[in-house]
Amino acid sequence: MNQNDKNKLEKFGMTHNQLQELKSFLVERMVDNMSTEDLVSYVMDDLDKYYDDLPDAEFIDEAKNYWDDGYDEVVEDIKEYTDCDFKKDRREV
73 MNQNDKNKLE KFGMTHNQLQ ELKSFLVERM VDNMSTEDLV SYVMDDLDKY
123 YDDLPDAEFI DEAKNYWDDG YDEVVEDIKE YTDCDFKKDR REV
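Using this note's numbering, the first residue of the sequence shown is number 73, and each one after it goes up by one.
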């Protein structure tokens, strides 16, 4: 047993591997108990934060990779949408 495992065993009563397994099990249980609506909301929030934290150039690369040949059309749609007088929150459908 390495020193890290000894420290964790003393502090938490579990080794590093056991703590990792507990984390994985907690994630599994939490996801199992979420509704589809909760899961969608969580993923959207997570992706919003992920893309907000990316530098603009990296975000554009991600968008181009996602939409591939349709990227330019999506950009045109976004430009039209942002210039219109009526908009709905994309999450309120």
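Even for Gly, the Cβ is constructed at its ideal location relative to N, Cα and C.
Three-state secondary structure assigned by DSSP to residue i
| i | result |
| --- | --- |
| Asn74 | coil |
| Asn105 | coil |
| Leu126 | coil |
| Phe158 | coil |
Chain-order list of residues whose beta-carbon lies under 8 Å from that of residue i (same chain, five-residue window excluded)
| i | result |
| --- | --- |
| Pro87 | It is worth fixing the name first, because residue 87 is Thr in this sequence and not Pro. Excluding sequence neighbours, Thr87 sits near Met73, Asp77, Lys80 and Leu81. |
Cβ-based neighbour list, residue i, same chain, cut-off 7 Å, excluding 5 preceding and 5 following
| i | result |
| --- | --- |
| Asp118 | none |
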